[in-house]
Amino acid sequence: MILKPHLEDVKIVGYYLGRVILGLTIAMAIPFVFGLVTREINPALDFFIALEISLFFGLILTKLCYTEKDPNWMHGMIVVSLSWIAATLLGAVPLYRSGHWNSYLDSCFEAMSGFATTGLTLVQDLNHLSYTHNLWRHLTMFIGGQGIIIVALSFFVKGLSGAFKMYVGEARDERILPNVIHTARFIWLVSIVYLIIGTLTLGVIGILSGMKPLNAFFHGICIFMAAFDTGGFAPQSQNILYYHSLPLEIVTMILMILGAINFKLHYHIWAGNRKELLKNIETTSFFITILLTFVITAIGLAQTNIYPKAFILFRKGFYQLISGHTGTGYQTLYAVQFIYEWNHLGLAGIIFAMALGGAVCSTTGAIKMLRVGIIFKALLEDIKRIILPERAIVVQKFHHIKEIFLEDKQVRSALFITVSYLFIYVLGAMVGMFFGYPFLNSLFESTSAAANVGLSCGITSAAMPTLLKFTYIIQMWAGRLEFMSVFTLLGFLIATIKGKR
Amino acid sequence: MKRFMRVTCGIVCSLLFWRIFCYAQPISSADLINNAKEYDGKRVVYRGEVIGDIMKRGNFSWLNINDGVNAIGVWTESTQIKDVTITGGYKRLGDNIEVIGIFHRACLEHGGDLDIHAETVIKISSGRRMQERLNISAVRFAAILLGILGAVWIFTLLGRR
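Just so you know, the sequences run in chain order G and F.
With the working numbering, the residue at position 264 of the first sequence is 269, and numbering never jumps.
With the working numbering, the residue at position 91 of the second sequence is 102, and numbering never jumps.
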């Protein structure tokens, strides 16, 4: 029997949702102040209006739903899934007001793409967009990459025992430090340190590449936020191709890989435990899958003979591959070149890489390396069971910060998430095909959206069907949150309608 | 008659040569990108607005030219673009230029980038800086919202008491 949720449940969800919205309001103050400083008055006004609307909803929710009760697992999951919808709806307001998006739906698509660190874009005339709006596009990636809930945990939910439940709901099931709020702050510390180093490096490369200093550093901070948070937005319409710079491509590749590494691993590397990098199941899986998918891509590209020199083939192929594997979506090609210039094998290599993703507790999406490693180990265990005598005791271990014995529970969980991702990749591809797009194109774009990558083969545009836009928005949302909190929200809604007192 | 035939054949062959190796009419970015294989290594005419930065690299420079749909990188000698002064961005409409040059779908010199190596750059029209006018209706809307927020604020304060 399904039980109808109590009013108290709604109040707890509403109260914490309000707190998260207040956190988002603070984030919106950054582009507002930036707009005033750079004298972009109308863009600053757009953010002032968005800030007021966010503050209004944040205050109303925290006032009407005020409670001192801590959220349980269900509340935590629902708060997370609703927070991402609220962030999308509110984060889209200043974008829509800029006039660079054809509709509010397109702005919501952009905001979800930003927060979910996807990087698919529907912006019009990006080359004439204000610095203020451009900063916000990239800031959404920085916030979403760390996690919207992490923002709230860091600043708004001090000493809360239910914090961990919301933290987990945001696809972060690993605590780096014993206290979840300290974990949230450590994630920010790592990100800020890399932000400073990354921005300076990219800014200097920009200047050496011939850009004006201020512009170089503005681009530097934007590119850093989108690369480290494996997002994929860029300030110019040509994406990374705009810069025509090998050093910039190398630095962005390093940043993408750093963003795809588990924050827990960052902690251990920072603490001096560098051997962990070589032993960890995630890094070894990552290395092997990069190698395998690159071989597939490289053979495909070699067959087309579009890049006759080996170095050029490596530069183009490896960049798109790392971008896809880390879930970033930076491109040094035009979207349609994937279809017109690359062959099916090359595309398949990129699709595999996108589908796999980076590490858990990182800024990437998709199936993720820990799960790939666990499934592979489980497969090995089963093969051993078949080969070895029946009496033999087969034990499988893997190294993830410490030696862990492989249990059925872990394998089941890894398989559940993997199957969910595969289902959502195929579902999105079916919708694409329903609208007449070819199979491979549809699968490419769908995988890119659901795995929060952002590479595009040209389907994503303001002219695409509305239902497809909705499909990609839902894919980006569910993919970023790794399904559990989305399923909990659906269960909550069903219980509200069909449940009994 | 034979002479007439030879002259006619000569003219037709020259026209075909130009049709194959040089496109006198400006070609759109979409056409170039979608049919990159066809245009690869050919002389093309491309027209559009200079956007972003002019990135100087030694005696050469990178320009990015936007024709309204896509922007394409143009590699040119810096001396050719001395009169390009305004580049497009927020509140700036960049200079409009026409480039005649060789199109590469995967340039061997530039890491496989799709680009145009300019032979001639002609400035067609100058860009301009645009004045930003304050959006009065947005100001009114912000003021109304501020009033509502004030009311909510008072409501929350009263609620606490």
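Note that beta-carbon positions come from the ideal geometry of N, C-alpha and C, so glycine has one too.
Environment of residue i [buried if 16+ CB atoms lie within 10 Å]
i, result
"residue 137 of chain G", "buried"
"residue 310 of chain G", "exposed"
"residue 117 of chain G", "buried"
"residue 486 of chain G", "buried"
"residue 60 of chain F", "buried"
"residue 143 of chain G", "buried"
"residue 32 of chain F", "Summary for residue 32 of chain F: the model assigns pLDDT 48, below 50, so the residue's position carries little reliability, and this model does not support an answer."
"residue 112 of chain G", "buried"
"residue 142 of chain F", "exposed"
"residue 489 of chain G", "buried"
"residue 95 of chain F", "buried"
"residue 413 of chain G", "exposed"
"residue 397 of chain G", "exposed"
"residue 325 of chain G", "buried"
"residue 285 of chain G", "buried"
"residue 39 of chain G", "buried"
"residue 70 of chain F", "exposed"
"residue 158 of chain F", "exposed"
"residue 498 of chain G", "exposed"
"residue 218 of chain G", "exposed"
"residue 280 of chain G", "exposed"
Contact under 8 Å by Cβ, residue i with residue j
i, j, result
"residue 437 of chain G", "residue 451 of chain G", "yes"
"residue 119 of chain G", "residue 229 of chain G", "no"
"residue 145 of chain G", "residue 96 of chain G", "yes"
"residue 380 of chain G", "residue 331 of chain G", "no"
"residue 163 of chain F", "residue 65 of chain G", "yes"
"residue 129 of chain F", "residue 112 of chain F", "yes"
"residue 92 of chain F", "residue 62 of chain F", "no"
"residue 156 of chain F", "residue 293 of chain G", "no"
"residue 403 of chain G", "residue 382 of chain G", "yes"
"residue 287 of chain G", "residue 378 of chain G", "yes"
"residue 47 of chain F", "residue 346 of chain G", "yes"
"residue 460 of chain G", "residue 328 of chain G", "yes"
"residue 317 of chain G", "residue 122 of chain F", "yes"
"residue 68 of chain F", "residue 215 of chain G", "yes"
"residue 103 of chain F", "residue 79 of chain F", "no"
"residue 232 of chain G", "residue 335 of chain G", "yes"
"residue 83 of chain F", "residue 119 of chain F", "no"
"residue 151 of chain G", "residue 201 of chain G", "no"
"residue 242 of chain G", "residue 210 of chain G", "no"
Minimum Cβ-Cβ distance from residue i to chain G less than 8 Å
i, result
"residue 67 of chain F", "yes"
"residue 49 of chain F", "no"
"residue 62 of chain F", "yes"
"residue 143 of chain F", "yes"
"residue 57 of chain F", "no"
"residue 132 of chain F", "no"
"residue 167 of chain F", "yes"
"residue 70 of chain F", "no"
"residue 32 of chain F", "Because residue 32 of chain F carries a pLDDT of 48, less than 50, the predicted location of this residue cannot be relied on, and no value is offered for it."
Cutoff 8 Å: residue i Cβ touching any chain F Cβ
i, result
"residue 135 of chain G", "yes"
"residue 58 of chain G", "yes"
"residue 47 of chain G", "yes"
"residue 326 of chain G", "no"
"residue 231 of chain G", "no"
"residue 242 of chain G", "yes"
"residue 249 of chain G", "yes"
Neighbour list for residue i in chain C, Cβ cutoff strictly below 9 Å
i, result
"residue 61 of chain G", "Judged by its chain identifiers, the structure shown contains no chain C, and its protein chains are G and F."
At least 3 beta-carbon pairs within less than 8 Å: the region 289–307 of chain G vs the region 350–364 of chain G
Three or more Cβ pairs closer than 8 Å define a contact, and the region 289–307 of chain G meets that threshold against the region 350–364 of chain G.
Taking contact to mean at least 3 C-beta pairs separated by less than 8 Å, is the region 126–145 of chain G in contact with the region 94–113 of chain G?
Taking a contact to require three or more Cβ pairs closer than 8 Å, the region 126–145 of chain G and the region 94–113 of chain G qualify as touching.
Length-filtered (4 minimum) alpha helix (DSSP H) runs lying within the region 298–336 of chain G
The region 298–336 of chain G contains, as complete alpha helix (DSSP H) runs of 4+ residues, the segments 315–330 (chain order).
Are the region 260–274 of chain G and the region 359–366 of chain G touching, with three or more C-beta to C-beta distances below 8 Å?
Touching, per the Cβ criterion.
Are the region 73–83 of chain F and the region 243–253 of chain G touching, with three or more C-beta to C-beta distances below 8 Å?
As far as the Cβ criterion goes, the region 73–83 of chain F touches the region 243–253 of chain G, which means the pair count is three or higher.
Counting pairs of beta carbons, one from the region 38–52 of chain F and one from the region 331–344 of chain G, are three or more of them closer than 8 Å?
Yes, they touch.
Complete runs of the beta strand (DSSP E) confined to the region 46–89 of chain F [at least 3 residues]
With a minimum length of 3 residues, the continuous beta strand (DSSP E) runs that stay inside the region 46–89 of chain F are 54–68, 71–77, 82–88.
May I have a chain-ordered list of the beta strand (DSSP E) segments no shorter than 3 residues that lie completely inside the region 405–472 of chain G?
If only uninterrupted beta strand (DSSP E) runs of at least 3 residues are considered, those enclosed by the region 405–472 of chain G are 407–410.
For the region 303–319 of chain G against the region 268–287 of chain G, are there 3 or more C-beta pairs whose distance is under 8 Å?
Contact between the region 303–319 of chain G and the region 268–287 of chain G is absent, because fewer than three Cβ pairs lie under 8 Å.
List in chain order: all unbroken alpha helix (DSSP H) runs of 4+ residues lying wholly within the region 359–396 of chain G.
Entirely contained in the region 359–396 of chain G, the alpha helix (DSSP H) runs reaching 4 residues are, in chain order, 374–392.
Quick one: complete beta strand (DSSP E) runs, 3+ long, within the region 231–277 of chain G?
For secondary structure counted as the beta strand (DSSP E) over 3 or more consecutive residues, the region 231–277 of chain G holds no complete run.
Give, in chain order, every unbroken run of the beta strand (DSSP E) that is at least 3 residues long and sits entirely within the region 96–135 of chain F.
Here the runs fully enclosed are 107–115.
Can you list the alpha helix (DSSP H) stretches of 4 or more residues lying completely in the region 28–72 of chain G, in chain order?
Here the runs fully enclosed are 46–69.
Contact the region 79–86 of chain G vs the region 44–63 of chain G: 3+ CB pairs below 8 Å
No: fewer than three Cβ pairs fall under 8 Å.
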